[in-house]
Each structure stands twice: as structure tokens, then as C-alpha cells.
Amino acid sequence: MMSSVAQSPTTGYLTMRLASEYYALPGTSVREIMRWRTPTPVPGAPPMIPGLINQRGQILTVIDARLLLGLAAAPLDRSTRLVWIQHHATDAALLVDAVIDLITIAPDHLTPPPINLTGSAQRVIQAVYQRDDDQPIAILDPSALLILVQEAL
Amino acid sequence: MILLIETITRRYLGRQSDIDTIGWPSTVDRDERGRAILRYQLGPLLDPTDPPASGRLHALTIGLRRRVVELLAVRIDLLADAPTITPLAPFLAARLRLPWVTGVALLDEQPVVVLDLRRLAADLALGLRLNHTEEAL
Amino acid sequence: MNSQTAPFSLTELSALRENRSLLQWLVVTGTVAQVIFWIVGLGFWLSDNTLLPSFVLASLITLFGLALYGLAAWSFRRGRTIAGRRWLFLAMTTGAVLVMLLFGGVDGARVSVLFVAVVSAGLLGSGSDTLLVSVLSLVTYFALLLAEQYAGWQPFYAGNLFIDSGFLLIAVASISILAWLSSRDLSRALAESQARAEELLRNTEQLMERSIQQVELGSELAAAAAELQANSQQQAGGASEQASAVSEVSTTIEELGSTARQIAQAAEHVSEAAQQTLEQLSTGQSAVDESIQAMERIRQRVQDISTRVLGLGERSQQIGEIIDLIDDISDETHLLALNAAIEAAGAGEYGRRFAVVAAEVKSLANRTLAAAKEVKGVIAEIRQATSAAVLAAEEGSKEVERGVELAHRAGQVMDNIVMVAERTAQAAAEIGLATAQQQSASEQVVETMREIAEVARQSALSARHMAESAAKLNAIAARLHGLAQSDHR
Numbered sequence: 000m001m002s003s004v005a006q007s008p009t010t011g012y013l014t015m016r017l018a019s020e021y022y023a024l025p026g027t028s029v030r031e032i033m034r035w036r037t038p039t040p041v042p043g044a045p046p047m048i049p050g051l052i053n054q055r056g057q058i059l060t061v062i063d064a065r066l067l068l069g070l071a072a073a074p075l076d077r078s079t080r081l082v083w084i085q086h087h088a089t090d091a092a093l094l095v096d097a098v099i100d101l102i103t104i105a106p107d108h109l110t111p112p113p114i115n116l117t118g119s120a121q122r123v124i125q126a127v128y129q130r131d132d133d134q135p136i137a138i139l140d141p142s143a144l145l146i147l148v149q150e151a152l
Numbered sequence: 000m001i002l003l004i005e006t007i008t009r010r011y012l013g014r015q016s017d018i019d020t021i022g023w024p025s026t027v028d029r030d031e032r033g034r035a036i037l038r039y040q041l042g043p044l045l046d047p048t049d050p051p052a053s054g055r056l057h058a059l060t061i062g063l064r065r066r067v068v069e070l071l072a073v074r075i076d077l078l079a080d081a082p083t084i085t086p087l088a089p090f091l092a093a094r095l096r097l098p099w100v101t102g103v104a105l106l107d108e109q110p111v112v113v114l115d116l117r118r119l120a121a122d123l124a125l126g127l128r129l130n131h132t133e134e135a136l
Numbered sequence: 000m001n002s003q004t005a006p007f008s009l010t011e012l013s014a015l016r017e018n019r020s021l022l023q024w025l026v027v028t029g030t031v032a033q034v035i036f037w038i039v040g041l042g043f044w045l046s047d048n049t050l051l052p053s054f055v056l057a058s059l060i061t062l063f064g065l066a067l068y069g070l071a072a073w074s075f076r077r078g079r080t081i082a083g084r085r086w087l088f089l090a091m092t093t094g095a096v097l098v099m100l101l102f103g104g105v106d107g108a109r110v111s112v113l114f115v116a117v118v119s120a121g122l123l124g125s126g127s128d129t130l131l132v133s134v135l136s137l138v139t140y141f142a143l144l145l146a147e148q149y150a151g152w153q154p155f156y157a158g159n160l161f162i163d164s165g166f167l168l169i170a171v172a173s174i175s176i177l178a179w180l181s182s183r184d185l186s187r188a189l190a191e192s193q194a195r196a197e198e199l200l201r202n203t204e205q206l207m208e209r210s211i212q213q214v215e216l217g218s219e220l221a222a223a224a225a226e227l228q229a230n231s232q233q234q235a236g237g238a239s240e241q242a243s244a245v246s247e248v249s250t251t252i253e254e255l256g257s258t259a260r261q262i263a264q265a266a267e268h269v270s271e272a273a274q275q276t277l278e279q280l281s282t283g284q285s286a287v288d289e290s291i292q293a294m295e296r297i298r299q300r301v302q303d304i305s306t307r308v309l310g311l312g313e314r315s316q317q318i319g320e321i322i323d324l325i326d327d328i329s330d331e332t333h334l335l336a337l338n339a340a341i342e343a344a345g346a347g348e349y350g351r352r353f354a355v356v357a358a359e360v361k362s363l364a365n366r367t368l369a370a371a372k373e374v375k376g377v378i379a380e381i382r383q384a385t386s387a388a389v390l391a392a393e394e395g396s397k398e399v400e401r402g403v404e405l406a407h408r409a410g411q412v413m414d415n416i417v418m419v420a421e422r423t424a425q426a427a428a429e430i431g432l433a434t435a436q437q438q439s440a441s442e443q444v445v446e447t448m449r450e451i452a453e454v455a456r457q458s459a460l461s462a463r464h465m466a467e468s469a470a471k472l473n474a475i476a477a478r479l480h481g482l483a484q485s486d487h488r
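Sequences listed follow chains A, B and C, in order.
2 is the number that numbering that gives the first Met the number 0 gives to position 3 of the first sequence; each next residue is one higher, with no gaps.
89 is the number that numbering that gives the first Met the number 0 gives to position 90 of the second sequence; each next residue is one higher, with no gaps.
160 is the number that numbering that gives the first Met the number 0 gives to position 161 of the third sequence; each next residue is one higher, with no gaps.
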């Protein structure tokens, strides 16, 4: 569970869609995928954090991944999902527009992120997976995401 | 003891130790000690989508040194069984504009935030508001 | 005595001989004298102074004289003065004969009583009367003389001087009265003759004036006759013109008659055409009715189709809801499979087999999702198609309604045409009848025209005759004119 990308020959990745872009999270940082449900808002919280939900007795803070990554927030629909991520002792629910699939990517298929990336993207994208004649999938670093949440103002 | 405070659309929790009295809203501007009484509807104060209530309201009175703050709600109750209060995730607590929420508890499987009522009253007496709030009542 | 005969006006006294009152007076006096003489005679006979034959003769003469007097009176009463006078003088002569017969015969002064009759005739009668009375007096005198001389006839009374002188006195008195009357009458007659001469002169002047007027009238008559001639000539000309005009009119009327025949034929054709139109229209009408019924059926069908298509739309909606449910379920399945796969991945080597199942479930869910999506697409297409079909059906039903309305309108138009055709047929029949009447009327007119032409011919003939007569009249007038003018000069 603590194994890194380099160590594991084939690692599962959960692909998802945020606005019109595709991202992936290492399967090891994902605990569960949930349908969208309205969270309990927290007074004084930023728009990026719409509130809190209860999942199996665990209270999770919902983070709007789109706002976190500086993307346009599309209206919520039936494909909207909450992805329970767990990194070290921190739990959170990432709001994404859609969860596509759990795929396995060989490490040699991953390419380093383009050097022209800036801002939050530069900090949270650890690699890029280019599928055959399809949109590239950006591999996100969960710990960097959570740190970004704390730092973002 | 934990207080359950109900507005039109929301529910909040508070510590009974933070407040002085639970009762009806007062009809005077100052109390017997000459402190100005500040009155707020708690619902719109915390959530702009929560409409102000009308009719019979309950009042939580928090006496400060020079002011008295009355927080009005549709209904105020004391919870017999104290729920488990979980503190907010650190990244969330760090991001709050005003530290009025200290934790969260589950009521009927639903998360309900726990308010720091004394801090809230003190901030209100200082004139601090969440961005969206306006003077109520 | 004139005053006693008041009914006679003074102008009638202008001539003594015309004086009927005098003459009647003479009749009465004579009659009385005659009767007196007979009574004396009767006395003589009764005193046996006379023989019976003499008395019978005297009575016969008396009766004769009385009869003559009666005749005279009757003649005067009847206005026959000349005849009356003649009878009167004869009667007076018989009186004189009776005197001579009764009183002393044909000698002595008593004979003078004969002169009373003669003088009366001379004064009062015409020339022939005087002659007649004179001859009769002489004849009777000589007859009495002969009877006295040779037959031994004796008068009743031998006579004496007294009686003679009495009779002479009577005769002289009578004659002198008559002469006086006559002289008075003569002077009056002279005055009258002068007046008559003047009157004659006046009359002549008047006559001349009249003849002048006559001349003028004659010339007027001539002018009128000439005018009459001219008029009658004109009339003759006019009559011949009239005859030619009548023949023209007859020709025209005959043409009109033939035209009327043509019109009648045309009207018959029109009537037949209208009848045919009516027959064809009835078929057309039934066709329109059938088309309306067919349209009605089409409309019902279209409505059925519309309803069914709408039903199909609703069904596809239901299918869509079911597909949504399937979608939800496959979504959920997918989510579960994902979570299972995540869980399996967390379980390391032990979870690998479980991960395979999870992957299978996930792919199943994905396929279901894809199929559901496909079905959704199909359903969307169906719904589009059905809504298009419903729209088309509505359009179609509207079109059909329009068609029905048009058919109804066509039916109404047909009805109108039928009405018009019926009217046309009726009118054609009426025209036929009217033209037939016209034809017979024109024939009558032709007949009448022929009669008129005959009359005109006759009128022309009579006008010619009249012209001839007028010419004759003209000639007569000219002659009269000439005559009158020469008279006048």
C-alpha cells in the first residue's frame, strides 16, 4: 500500500474527468468512489470546500478538485462523483465531474510532465500518460493535492 | 451539555457552557447592567441561503463584558446524549475565514457543525462578519 | 169685316184676290143668299104659284150651288185659293141663275145679278176665271132664254119692278162694294209693286253679290279641288309607298320568324346541353360526396395514426425511464465494481482473483452502460421521429380538413351549378316557348301585313280614282269659275 510508482511494475490508476481534461490518481490513494450528495456546508469555508459528508461513519471534507486545479466548475450531474482519497492520516473527498475507470499503466508508458506547466498544475502533476490517439491523462500526486488545499488562499 | 440549534434550513450544535441563558428574545436595547443588546438571526448570519425566521423565536444570550449578544433561532434544544465531536480537518480549519466552527458531529448520520458561540458573539460584538452576512434584525 | 178675321195678318191683305177672309165672307153670304132664295122658292111652290118640275130644278140648282160653295170653302180651308175662287165664282153664278129662275126669268134688271159673279171673277179671280164665269153666265142666260122662249118655261114669280129694282140694288151694291174694295186694293197693289220693285232691285244686288261670292267660291272650289287632286295623288303615292313599306316589313317579319326558328333551335340545344350538364353534375356530385367520405376516412385514419404515434412516443418515454433505471443500476454496478477493484488492489496478491471478478462486473456494467446509451440514442431518435410523425399527422389531418372543406365547397359550387343549369334549362324552355309564340305572332303579323298591303293597294286605287274625280271636280270648278265671272261682267 505504501509502494511507490517506481517500485511497482504495474500500478492501478483511477482515471477521472475534470471539466474537459483527464486526470488519474494512484489506486492506492483511493479508498472509495461515491455518488455526489449535498454536503453540510461549513460557515466561513472557501468555495473550494463545499462542506462535509458522512461516509460509513467517517466525516470527510469535500474538496472541489476543479476549483483546486483552476478549472471551470461545471454543473453537477448524475456522473458527478466524490473520490475518497486517503493519504497518510488525512482523508478527503475529491469532487470530480466523472470517474472513468480503474486502469493499469506500465511505468514505461508514463512520461514526465511537460516543463512548461505552471502554478498548481506544476505542483500536483507527477507524470503524464499518453494513450493511443487520445487525450493525455495527467497523473496527480495525492499528497501534493492535500498540501495544495492547505496552502491555497 | 450540547445545544441543538435549528434555523429554517440548517442545524448547528453549540456548547451550553458558551452561553448564559436560553430564552425568548428581549424587547429592550440594554440589559439591567446597561449593556447594549445585539440581536442576530443565526440562520442568515451563517448561511446566505438560509432565510430569516419570523414569529416565535428562541434566543441564546451571551453576555460579554460590555455587550450582550442575543442569537435568534427557530428552535433551541439540549441534546440528552452528547454526540462524538470530531475536530475539523486541519486543512479546513486553517482555511476558515472566522474560526466559528470548531468541530463536527454526526446527528442521524448527517454531519452537523459545532459552533464556538462565545467566539462568535465576541466577533459579532467586534463587528466581524462572514463576507456574505448583513446586519440582521 | 177684317177685324172678324183677325187670325190673318195684315200682310196677307196686300192682295185682294188672296184675301181668304173676304172670299170666305163671300162664300158665307152667297150660301145664305142661296138658302134664302130656295126658301122663297119653297114658299112659291107651297102657294101653288109654281110647278113641281120648276121647284125640283131650282132645288137641284140650289144643291149644286151649295155643293160648289162647300167645295170653295173646303178649298180655302186647304189653302187652295185659286181652285176655291173658281168654285166660288161658279157658285155665285148658280145663285144668279137661281134668282133668274125664281124671280121673273131672263129679262129685266134682275139679270144684273149675273154681273155680280162676273165682276167678282174679274176683280178677285184670275183672267181665266173671268172668262169661264162670263161664258157660263152667258150659256146659262141663253139656256134660260131658250127655255123661256121655246120650252115654255115659266119663272116662279112673274116679276115686277120692285123686285127687279131690289135685285138691281143688291147687284149694284155688291159690285160697288167689290169695286171699292178693288180700288183700295189697287192702290195698295201699286205701293206694293213699287216696294216689290225696290225689293227686286235689292234682291238683284244681293244676287250680284252672291254671284260674286259664287265666283269667289268657285275659285276657292277650284283651288280646293286642285288641292284635293294633289292630295289624292299624294295619297296614291303614299299608298304605293305604304304598300312597298308593308312588303319590306313583311320581309323583315319573315326574316324575324326564321331568326325566331333559329333561336328556338338554339334554345333547344341549350336546353339539351343544360340537361347533359345536370346529368354530369349529378355524377360529379356523387363523386364529390364520395371524395368527402374518403377524406373523412383518411382523416380518421390519420387521427388513428396520430394517436398511435403519440402512444408510441409515450411508450418510448417509458422505455427511456426504464433505460434510465438500467443506467442507474449499471452506474451503481460500475461504481461497485470500481470500489471492488480498488478493494482488491488493496488486498495485494490475495485480492487478485477478486479483482478479476470485479473487472468482469465492471466491464459488464460498462457494456450495459454503452447499450443503455445506445438505446437512449435510439429512443431519442424514436422520439424525434414520433414527434415529427405527430406533427406530420397533425399537418396531414389539417390538410385533410382543408381538403374536406374544399370538397364541401366544390359540392356547394356544384349545387350552384346545378341550380344555374336548371335555371338555364328552364330559361331555354321559356325561350323556346316564347320564340314559338313569336314565330306564330310573326306569321300572324305577316298575314296582317299582307292584308294591310291589300288595303294599301285598294287605298292607292281609290286614291287614284279620287284623283281623277278631283281632276273632274277641278274642271267643273274652272267652268263654274268662268261662268260666274262672265255672269258677274
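A virtual CB, placed ideally from N, CA and C, is assigned to each residue, including glycine.
Since we're looking at a predicted model, the values are computed, not measured.
In the DSSP assignment, find the beta strand (DSSP E) that holds residue i and state where it starts and stops.
i: residue 63 (chain A); result: 57-63
i: residue 69 (chain B); result: 66-72
i: residue 116 (chain C); result: No beta strand (DSSP E) contains residue 116 (chain C), which is instead part of the alpha helix (DSSP H) from 112-123.
i: residue 116 (chain A); result: From DSSP, residue 116 (chain A) is part of no beta strand (DSSP E); its letter is neither H nor E.
i: residue 93 (chain A); result: 89-95
Among the options, which one has its Cα closest to the Cα of residue i?
i: residue 29 (chain A); options: A:135, A:136, A:40 and A:100; result: A:100
i: residue 62 (chain C); options: C:81, C:50, C:442 and C:97; result: C:97
i: residue 151 (chain C); options: C:318, C:53, C:305 and C:32; result: C:53
i: residue 64 (chain C); options: C:42, C:80 and C:28; result: C:28
i: residue 179 (chain C); options: C:216, C:122, C:127 and C:135; result: C:122
i: residue 63 (chain A); options: A:143, A:145 and A:47; result: A:47
i: residue 397 (chain C); options: C:337, C:370 and C:299; result: C:299
i: residue 51 (chain A); options: B:108, B:122 and B:71; result: B:108
i: residue 112 (chain B); options: B:84, B:121, B:127 and B:90; result: B:84
i: residue 122 (chain B); options: B:81, B:79, B:75 and B:37; result: B:37
i: residue 138 (chain B); options: B:65, B:67 and B:75; result: The requested residue 138 (chain B) does not occur in the structure, where chain B is confined to residues 0 to 136.
i: residue 40 (chain C); options: C:102, C:30, C:78 and C:24; result: C:102
i: residue 295 (chain C); options: C:477, C:146 and C:405; result: C:405
i: residue 329 (chain C); options: A:120, A:77, A:149 and A:66; result: A:77
The alpha helix (DSSP H) that contains residue i, what's its start and end?
i: residue 122 (chain B); result: 116-124
i: residue 99 (chain C); result: 80-101
i: residue 68 (chain C); result: 51-77
i: residue 150 (chain A); result: 141-150
Is the separation between the beta-carbon of residue i and that of residue j shorter than 8 Å?
i: residue 339 (chain C); j: residue 357 (chain C); result: yes
i: residue 95 (chain A); j: residue 110 (chain A); result: no
i: residue 61 (chain A); j: residue 80 (chain A); result: no
i: residue 58 (chain C); j: residue 37 (chain C); result: yes
i: residue 291 (chain C); j: residue 410 (chain C); result: yes
i: residue 153 (chain A); j: residue 90 (chain A); result: In the structure as shown, chain A starts at 0 and stops at 152, and residue 153 (chain A) therefore has no counterpart that could be examined.
i: residue 98 (chain B); j: residue 118 (chain B); result: yes
i: residue 73 (chain B); j: residue 5 (chain B); result: yes
i: residue 13 (chain A); j: residue 26 (chain A); result: yes
i: residue 423 (chain C); j: residue 265 (chain C); result: no
The segment 39-61 of chain B: positions lying closer than 7 Å to chain A by Cβ
Cβ contacts with chain A come from 45 and 46.
Decide yes or no for the touch test of the segment 38-46 of chain B against the segment 4-14 of chain B: beta carbon pairs closer than 8 Å, at least 3 of them.
In short, these stretches touch, since the Cβ pair count reaches three.
Taking contact to mean 3 or more Cβ pairs, one atom from each stretch, closer than 8 Å, check whether the segment 168-184 of chain C and the segment 104-112 of chain C are in contact.
Touching, per the Cβ criterion.
How do the segment 441-457 of chain C and the segment 230-242 of chain C stand: do at least 3 beta-carbon pairs fall below 8 Å, yes or no?
Inter-segment contact for the segment 441-457 of chain C and the segment 230-242 of chain C is present: three or more beta-carbon pairs are separated by less than 8 Å.
Residues from the segment 90-101 of chain A in contact with chain C, defined by Cβ distance under 8 Å
Taking 8 Å as the Cβ-Cβ cut-off against chain C, the residues of the segment 90-101 of chain A that qualify are 98, 100 and 101.
Identify each residue in the segment 81-94 of chain B for which the Cβ-Cβ distance to at least one residue of chain A is less than 9 Å, and report them in chain order.
Residues 85, 87, 88, 89, 90, 91, 93 and 94.
May I ask you to verify whether the segment 372-379 of chain C touches the segment 313-330 of chain C, counting CB pairs closer than 8 Å and requiring at least 3?
A contact exists between the segment 372-379 of chain C and the segment 313-330 of chain C.
Contacting positions in the segment 98-111 of chain B - beta carbon closer than 7 Å to chain A:
So the list reads 99, 100, 103, 105, 108, 109, 110 and 111, given in the order they occur along the chain.
With 7 Å as the C-beta to C-beta threshold (strictly closer), list the residues of the segment 362-376 of chain C near chain A in chain order.
For the segment 362-376 of chain C, which is checked against every Cβ of chain A, not one residue is closer than 7 Å.
Segment contact flag, the segment 128-139 of chain A with the segment 11-25 of chain A, C-beta cutoff 8 Å, min 3 pairs
Under the Cβ criterion (8 Å, minimum of three pairs), the segment 128-139 of chain A counts as touching the segment 11-25 of chain A.
Contact list for the segment 30-42 of chain A against chain C, Cβ threshold 9 Å:
For the segment 30-42 of chain A, the residues whose beta carbon sits under 9 Å from a beta carbon of chain C are, in order, 30, 31, 32, 33 and 34.
Could you tell me whether the segment 21-32 of chain B touches the segment 53-66 of chain B, where touching means 3 or more Cβ pairs closer than 8 Å?
Short answer: they touch.
Select from the segment 120-149 of chain A all residues with a C-beta closer than 8 Å to any C-beta belonging to chain B, and list them in chain order.
Listed in sequence order: 145, 148 and 149.
Does the segment 458-467 of chain C touch the segment 203-215 of chain C, meaning 3 or more C-beta pairs lie closer than 8 Å?
Verdict: no, contact absent.
Evaluate contact between the segment 218-235 of chain C and the segment 398-418 of chain C, counting only Cβ atoms and requiring at least three cross-stretch pairs below 8 Å.
Flag = no, the segment 218-235 of chain C and the segment 398-418 of chain C do not touch.
Check whether the segment 185-200 of chain C touches the segment 430-450 of chain C, taking contact to mean three or more Cβ pairs, one atom from each stretch, closer than 8 Å.
Contact fails: fewer than three Cβ-Cβ distances are below 8 Å.
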